[in-house]
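> Residue numbers (our numbering), protein chains in the order written: chain A, 7 to 242; chain B, 7 to 242; chain C, 7 to 242; chain D, 7 to 242.
The C-beta atom is built at its ideal place from N, Cα and C for all residues, glycine as well.
In this text, all values refer to a predicted model and were calculated from it rather than measured experimentally.
There are 4 protein chains.
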Amino acid sequence: MHCGKCCNLNAMKKFIHFSIASILLFMAMAMTVQKKQRILFFGDSITQMGVNPGGYITRMNEALKKRGLAWQYELVGAGIGGNKVYDLYLRMDSDVLAKEPDVVVIWVGVNDVWHKASFGTGTDPDKFEKFYTAIIKKLQAKGIKVFLTTPATIGERTDFSNPQDGDLNYYANIIRRLAKTNNCGLIDLRKTFLDYNLQHNPENKESGILTTDRVHLNDAGNSLVADEMLKAVTGK
Amino acid sequence: MHCGKCCNLNAMKKFIHFSIASILLFMAMAMTVQKKQRILFFGDSITQMGVNPGGYITRMNEALKKRGLAWQYELVGAGIGGNKVYDLYLRMDSDVLAKEPDVVVIWVGVNDVWHKASFGTGTDPDKFEKFYTAIIKKLQAKGIKVFLTTPATIGERTDFSNPQDGDLNYYANIIRRLAKTNNCGLIDLRKTFLDYNLQHNPENKESGILTTDRVHLNDAGNSLVADEMLKAVTGK
Amino acid sequence: MHCGKCCNLNAMKKFIHFSIASILLFMAMAMTVQKKQRILFFGDSITQMGVNPGGYITRMNEALKKRGLAWQYELVGAGIGGNKVYDLYLRMDSDVLAKEPDVVVIWVGVNDVWHKASFGTGTDPDKFEKFYTAIIKKLQAKGIKVFLTTPATIGERTDFSNPQDGDLNYYANIIRRLAKTNNCGLIDLRKTFLDYNLQHNPENKESGILTTDRVHLNDAGNSLVADEMLKAVTGK
Amino acid sequence: MHCGKCCNLNAMKKFIHFSIASILLFMAMAMTVQKKQRILFFGDSITQMGVNPGGYITRMNEALKKRGLAWQYELVGAGIGGNKVYDLYLRMDSDVLAKEPDVVVIWVGVNDVWHKASFGTGTDPDKFEKFYTAIIKKLQAKGIKVFLTTPATIGERTDFSNPQDGDLNYYANIIRRLAKTNNCGLIDLRKTFLDYNLQHNPENKESGILTTDRVHLNDAGNSLVADEMLKAVTGK
Chain A
7 MHCGKCCNLN
17 AMKKFIHFSI
27 ASILLFMAMA
37 MTVQKKQRIL
47 FFGDSITQMG
57 VNPGGYITRM
67 NEALKKRGLA
77 WQYELVGAGI
87 GGNKVYDLYL
97 RMDSDVLAKE
107 PDVVVIWVGV
117 NDVWHKASFG
127 TGTDPDKFEK
137 FYTAIIKKLQ
147 AKGIKVFLTT
157 PATIGERTDF
167 SNPQDGDLNY
177 YANIIRRLAK
187 TNNCGLIDLR
197 KTFLDYNLQH
207 NPENKESGIL
217 TTDRVHLNDA
227 GNSLVADEML
237 KAVTGK
Chain B
7 MHCGKCCNLN
17 AMKKFIHFSI
27 ASILLFMAMA
37 MTVQKKQRIL
47 FFGDSITQMG
57 VNPGGYITRM
67 NEALKKRGLA
77 WQYELVGAGI
87 GGNKVYDLYL
97 RMDSDVLAKE
107 PDVVVIWVGV
117 NDVWHKASFG
127 TGTDPDKFEK
137 FYTAIIKKLQ
147 AKGIKVFLTT
157 PATIGERTDF
167 SNPQDGDLNY
177 YANIIRRLAK
187 TNNCGLIDLR
197 KTFLDYNLQH
207 NPENKESGIL
217 TTDRVHLNDA
227 GNSLVADEML
237 KAVTGK
Chain C
7 MHCGKCCNLN
17 AMKKFIHFSI
27 ASILLFMAMA
37 MTVQKKQRIL
47 FFGDSITQMG
57 VNPGGYITRM
67 NEALKKRGLA
77 WQYELVGAGI
87 GGNKVYDLYL
97 RMDSDVLAKE
107 PDVVVIWVGV
117 NDVWHKASFG
127 TGTDPDKFEK
137 FYTAIIKKLQ
147 AKGIKVFLTT
157 PATIGERTDF
167 SNPQDGDLNY
177 YANIIRRLAK
187 TNNCGLIDLR
197 KTFLDYNLQH
207 NPENKESGIL
217 TTDRVHLNDA
227 GNSLVADEML
237 KAVTGK
Chain D
7 MHCGKCCNLN
17 AMKKFIHFSI
27 ASILLFMAMA
37 MTVQKKQRIL
47 FFGDSITQMG
57 VNPGGYITRM
67 NEALKKRGLA
77 WQYELVGAGI
87 GGNKVYDLYL
97 RMDSDVLAKE
107 PDVVVIWVGV
117 NDVWHKASFG
127 TGTDPDKFEK
137 FYTAIIKKLQ
147 AKGIKVFLTT
157 PATIGERTDF
167 SNPQDGDLNY
177 YANIIRRLAK
187 TNNCGLIDLR
197 KTFLDYNLQH
207 NPENKESGIL
217 TTDRVHLNDA
227 GNSLVADEML
237 KAVTGK
């Protein structure tokens, strides 16, 4: 014979338990919300265009929404046209560290190679490695997870007859080595783009497959990059 | 009714006064010694060679000794061959700020211009200005007095027919403007060298007047630079 | 004892003399007409644009008409955009010799200097001199009178701070020497343009005084070049 | 009634016939000797070094002797250091046509590509093709058989990470196309060298396999080139 009080007490207990659970759940959710991963994309004009409609960062956002993962990630674009590796280094504090990202995806190198021929102001490979290393060290010292991206293309011909292919391959090798040495993630777009072109560029065209102008991404290019990047940073 | 004690006291007082004065004097001297001005020369191979026997920094030290001013100044060389403005920026913390100089003399620009033609890896003028400004700001934020030096020469012909003359004049103009804008001292070696060559290079030779190889200083060059720098940094 | 016959004979003689003189005069005039001097302008895009309305060759034609000298000269444009000295050499036979000019005005050099920085495909100074000499020799071997023109400008700043000023001055010196060595006429546009800018470009602008874009001629530029060229080739 | 004289006459006749036949035979042999094929090697420093002891032309001569074919071929070196395609064109008359070769092997392209980066004075691909075509046409117009050689290497790394690989592949493609279009023989050293390195350069070294310095041939290089060239020009 349970008396009303007991029931009352039990009910109250249940209510309290429920309330606490609710609060805890709410707190957990709040914490989860607060813990949205901030991923910053640090690069040149290709990344600057990445936040445009149809751009690779925009597409990643859309893909995250579709998959119901939008609440987990915040994507931040930090690309500036014409940037070389030392330009990234110069603006790290204001444009990266100040934004307290959890993850930084570095994508640089095209201008370091290209500007040799077009302006005489490219970057020597040893300096490229030095500045790149300095950036990685500074990010890792703040506990930021770092991904390195190889420069995709200056010309889409698949027989390595694009004028900058030799240098791009060389700088891509530097980046691959840096990723290994510094325990960074690697997004090997140079390889991805070549593989794609070997399949989809039978006429050995200079552009129009993944780029509009040998360098900047067309729709297919933005889509391919979004896929690769998403795989890398979400791990799936 | 002066007692001996009083006399004693007075004597003691005097002694104490004298002692304190002595100590203060000693401290003052000690502080002066401690306040030896540390002047750091921040640059490329020309500055790296400046600390060699006969180099311009070595000559400044010798001149200071002759004038009995050696106890006032400590000269520190911080030149590395092949450095461009962004290389200086990258190694500021370790090579300059860590040495706590009172004065920094920046001399850079030859490689920023020269490497355009020789390696395709010079520095764009807008980037040159940006990095140079960043260096000045960082030094001045620490209360360091900053002197800027214009690039002297890549070729000593006086009719502006040395291949890099146009760019050197342009970058020298940037540096002159930066000195004005940022309240830095200016050591205008480009002007000094041209004036000297107009007097001493009647055959319009490429090198051999102030340089061994169009760029690096011979004895006359080191001597001229030592004079100009000494005038600037000691103010006499 | 003069007989009638004699008079008749004398009259006849006179008539014949007069007739012959008339015929000779007519022939001389005819030959003069036939001997209209053909002046060919051999160069790059600046010369290619010279035959456009308002172009320097068009203006020369107009000036000749005004002065009543149009019947004496035939002006032929032979400029092709992007040409360097060796391009001129390659197309001499078809574009110059085949047209049997009496006078050739060579104006080349801007691309030989400029393409170093913009494409890495400029012309070494020793090769520049070699090809230029080969062109002169080939023209002179055909009895053609040759005028050499110095490259006017890549940038109109008057303090020799245009990036290519050093090289332009150097290549202009080569051309001046070639004119002297090979007994060619010299049209020293580099000097003419600098003198004009020293008077009319007080703000030290890069372009807009004699050029539209640092290189190609605006109205004032075309007018100045037409004047200088006309003075040189007509000798007045 | 045959008299001795007749016999004598017949004998004499025979003797004379035999003598004439002998002379004709001798003359025929002499003419054959005179018809030794003159093969001229037209190129840059690699070819200039080819006539040195151990050089590829010297080795070809030695191989011909060994095979007893020396009497059939005369090999002439016509290489000059630093030559680009337009330098070959400029000196064709004096250095090639004047020597009346039966066969010309053209090997050029390394400097056209290399000098872009090292001096800013390489050759644009369209100009490269234009001058190359003009050389071929001029040789073929004289009935000379022409072989084209692709530029072998500027760096022996096999993963296309030598800085000039892109351009070298591109210019090699131009040459392959020119050989086809103009019915010239092709000696595809670029392919030969790559194939050799894929087998013998497992460490992906820059030089030391077939070159001393990434460009100029070592013993193995000279030997490989001699083999390839001999196969091509003798047809065996």
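#1: Cα-Cα, which of 82/C, 109/C, 162/C, 172/C is closest to residue 154/C?
#2: Figure out for me which residue from 76/D, 45/D, 157/D has the closest Cα to the Cα of residue 180/D.
#3: To the nearest whole angstrom, what separates the beta carbons of residue 48/C and residue 102/C, a pair I think is in contact under 8 Å?
#4: Express the C-alpha separation of residue 114/D and residue 209/A in angstroms, rounding to a whole number.
#5: Any C-beta of chain D within less than 8 Å: which residues of the region 99 to 118 of chain A qualify?
#6: Could you have a look at residue 65/C and say whether DSSP puts it in helix, strand or coil?
#7: Nearest to residue 118/B by CA position, among 82/B, 111/B, 135/B, is which residue?
#8: Got a sec, what are the start and stop residues for the alpha helix (DSSP H) residue 164/B sits in?
#9: Spell out a yes or no on whether the region 120 to 136 of chain C and the region 72 to 82 of chain C are touching, meaning 3 or more CB-CB pairs, one atom from each, closer than 8 Å.
#10: Confirm, please, whether the CB-CB distance from residue 172/D to residue 145/A is below 9 Å.
#11: Identify the residues that DSSP records as bridge partners of residue 43/D: which are they?
#12: Please list, in chain order, the residues of the region 117 to 150 of chain D that have any C-beta partner in chain A closer than 8 Å.
#13: Can you tell me whether residue 61/A is buried or exposed? The criterion is at least 16 other CB atoms within 10 Å of its CB, across all chains shown.
#14: Unbroken beta strand (DSSP E) runs of length 3 or more, entirely within the region 186 to 236 of chain A: which are they?
#15: Per DSSP, which one or two residues make a beta bridge with residue 85/C?
#16: Roughly how many whole angstroms lie between the Cα atoms of residue 8/B and residue 28/B?
#17: Between the beta-carbon of residue 43/B and the beta-carbon of residue 85/B, is there less than 9 Å?
#18: Let me check understanding here. Comparing Cα to Cα, which of 230/B, 71/B, 51/B lies closest to residue 206/B?
#19: Please report whether the beta-carbon of residue 206/D lies at a distance below 9 Å from any beta-carbon of chain B.
#20: For residue 83/B, decide whether its Cβ has a neighbour in chain C, counting only Cβ atoms nearer than 9 Å.
#21: Using beta-carbon positions only, say whether residue 192/C and residue 159/C come within less than 9 Å of one another.
#22: Drop a sphere of 10 angstroms on the beta-carbon of residue 50/D, count the other beta-carbons inside from all chains shown, and report buried for 16 or more, exposed for fewer.
#23: Would you please state the rounded distance, in angstroms, between the beta carbons of residue 190/B and residue 221/B? I believe it to be under 8 Å.
#24: I'd like to know if residue 158/A contacts chain D, where contact means its C-beta is closer than 9 Å to some C-beta of that chain.
#25: What does residue 95/D reach in chain A if we use C-beta pairs closer than 8 Å?
#26: Could you name the residues of chain A that residue 176/B contacts, counting a contact when the two beta carbons are closer than 8 Å?
#27: Output yes or no for whether 9 Å exceeds the beta carbon distance between residue 96/A and residue 95/B.
#28: Look at the alpha carbon of residue 72/D and the alpha carbon of residue 218/A, and state the distance between them as a whole number of angstroms.
#29: Within its chain, find whatever has a CB closer than 7 Å to the CB of residue 204/D; leave out the 5 residues flanking it on each side and keep chain order.
#30: Among 227/B, 59/B, 107/B, which has the Cα closest to the Cα of residue 161/B?
#31: If you draw a straight line from the C-alpha of residue 10/A to the C-alpha of residue 26/A, how long is it?
#32: For residue 169/A, return the contacting residues in chain D, with the cut-off set at a CB-CB distance below 8 Å.
#33: Please report the straight-line C-alpha distance between residue 148/D and residue 111/D, rounded to a whole angstrom.
#34: Using the three-state DSSP reduction, which class does residue 114/A fall into: helix, strand or coil?
#35: Do residue 98/D and residue 45/D have their CB atoms nearer than 9 Å?
#36: I need the straight-line Cα distance from residue 198/C to residue 188/C, nearest angstrom please.
On the basis of the coordinates in this document:
#1: 109/C
#2: The shortest Cα separation from residue 180/D among 76/D, 45/D, 157/D belongs to 157/D.
#3: That belief holds up - the Cβ atoms of residue 48/C and residue 102/C are roughly 6 Å apart, short of 8 Å.
#4: 28 Å
#5: none
#6: helix
#7: Per the Cα distances, 135/B.
#8: Segment: none, residue 164/B is in no alpha helix (DSSP H) and carries neither H nor E.
#9: no
#10: No; because the gap between Cβ atoms is not below 9 Å, this pair is not in contact.
#11: 79/D
#12: 122, 123, 126
#13: buried
#14: Listed in chain order, they are 191 to 193.
#15: 49/C
#16: Because residue 8/B sits at a pLDDT of 49, beneath the cut-off of 50, its placement in the model cannot be relied upon, and the following sentence gives the value as read from the coordinates. Between residue 8/B and residue 28/B, the C-alpha separation is close to 29 Å.
#17: In this structure, residue 43/B lies away from residue 85/B, with their beta-carbon atoms at least 9 Å apart.
#18: 230/B
#19: no
#20: no
#21: Taking the C-beta atoms as reference points, residue 159/C is found no nearer than 9 Å to residue 192/C.
#22: buried
#23: Incorrect: roughly 24 Å between the Cβ atoms, too far for contact.
#24: no
#25: Under the 8 Å cutoff, chain A gives no residues; its nearest Cβ is about 23 Å from residue 95/D.
#26: From the beta-carbon of residue 176/B, no residue of chain A is found nearer than 8 Å; the closest lies around 14 Å away.
#27: yes
#28: 58 Å
#29: 164
#30: 227/B
#31: Residue placement at residue 10/A is flagged as unreliable, the pLDDT there being 48, under the threshold of 50; the coordinate-derived value follows with that caveat. Taken atom to atom, the span from the alpha-carbon of residue 10/A to that of residue 26/A is near 24 Å.
#32: 172, 173, 176
#33: 15 Å
#34: Residue 114/A: coil per DSSP, three-state reduction.
#35: no
#36: 22 Å
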